[in-house]
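Taken in order, the sequence shown gives residues 3 to 186; the numbers are from this note's numbering. Built from N, CA and C at the ideal position, the CB exists for glycine as well. All values derive from a computational prediction rather than experimental measurement.
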Amino acid sequence: MRVISGEFRGRRLDAVSGDQTRPTADKVKESMFNMLGPYFDGGQALDLYAGTGALGIEAVSRGMVHATAVDRQFAAIKTIKANIAKLGAEARFTVIKAPVDKALDSLAGQQFDLIMADPPYAQQEVLAQLARFLELELLAPEGRVLLETGMDVVYPDEIPGYVQLRRQTYGVAQVLILKKAVEA
Numbered sequence: 003m004r005v006i007s008g009e010f011r012g013r014r015l016d017a018v019s020g021d022q023t024r025p026t027a028d029k030v031k032e033s034m035f036n037m038l039g040p041y042f043d044g045g046q047a048l049d050l051y052a053g054t055g056a057l058g059i060e061a062v063s064r065g066m067v068h069a070t071a072v073d074r075q076f077a078a079i080k081t082i083k084a085n086i087a088k089l090g091a092e093a094r095f096t097v098i099k100a101p102v103d104k105a106l107d108s109l110a111g112q113q114f115d116l117i118m119a120d121p122p123y124a125q126q127e128v129l130a131q132l133a134r135f136l137e138l139e140l141l142a143p144e145g146r147v148l149l150e151t152g153m154d155v156v157y158p159d160e161i162p163g164y165v166q167l168r169r170q171t172y173g174v175a176q177v178l179i180l181k182k183a184v185e186a
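Listed below in structure tokens is the structure:
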């Protein structure tokens, strides 16, 4: 597992020990970021169910100013911190050890230009969490949401408050990119 592009390109990242996480494959990660637009001009990223922190690290490497990584597992938090330390960029990251719903409440009032969520496939509550992002006003007006879920999640044709920009499948995973709908 490595950083695909940008400032930290080629840097190797540690995996979380055990089988409690499912890291995004480098090929899928590269494709996801290419769909978003390969580079960013500043902004804040939120990496939920962060695991290794690879998605947040990739966002910062590609130009985001700061990323907040959230995970509830001690082993994941330890790995995220070790991966960030390897980059020598600790000031550009915030790491929160908490369940996602609790972390979202604590982040109310902050806005993110990119929210990424890669929940455990057995515990996917993405539609409820998408509503929560809007309720807590976490998504910046021009922000994007990137979701990686299992194929068993069936998205409705329209998700209230969002416009679907892209949907792609990769074996057992699907990636959905959304933006906030413009209010009438």
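Using the beta-carbon count (16 or more within 10 Å), is Tyr171 buried or exposed?
Note on identity: in this sequence residue 171 is Thr, with Tyr being the wrong assignment. It counts as exposed.
In angstroms, rounded to a whole number, what distance separates the CA positions of Val165 and Glu9?
31 Å
Output the distance between the C-alpha atoms of Leu106 and Arg74, rounded to the nearest integer angstrom.
12 Å
In angstroms, rounded to a whole number, what distance separates the CA positions of Gly163 and Lys181?
9 Å
With a threshold of 7 Å on Cβ separation, who are the neighbours of Gly45 within its own chain once the five nearest residues in sequence on each side are excluded?
Met66, Val67, Asp115, Leu116
How far does the alpha helix (DSSP H) with Val97 in it extend, from its first residue to its last?
Per DSSP, Val97 belongs to no alpha helix (DSSP H); it is in the beta strand (DSSP E), 95–99.
Under the assumption that Leu38 contacts Leu178 (Cβ atoms under 8 Å), give the Cβ distance between them as a whole number of angstroms.
Actually they do not touch by this definition, with Cβ atoms about 12 Å apart.
Closest Cα partner of Leu50 within the set Val155, Val97, Glu144, Gly152
Val97
Could you work out which residue in Ala78, Asn85, Glu92, Lys88 is closest to Ala100 when comparing CA atoms only?
Ala78
Rounded C-beta distance between Ala119 and Gln131? I'm assuming under 8 Å.
7 Å
On the CB-based measure, 16 or more other CB atoms within 10 Å of its CB, does Val174 come out buried or exposed?
exposed
Just to confirm the assignment, what range does the alpha helix (DSSP H) spanning Arg134 have?
128–137
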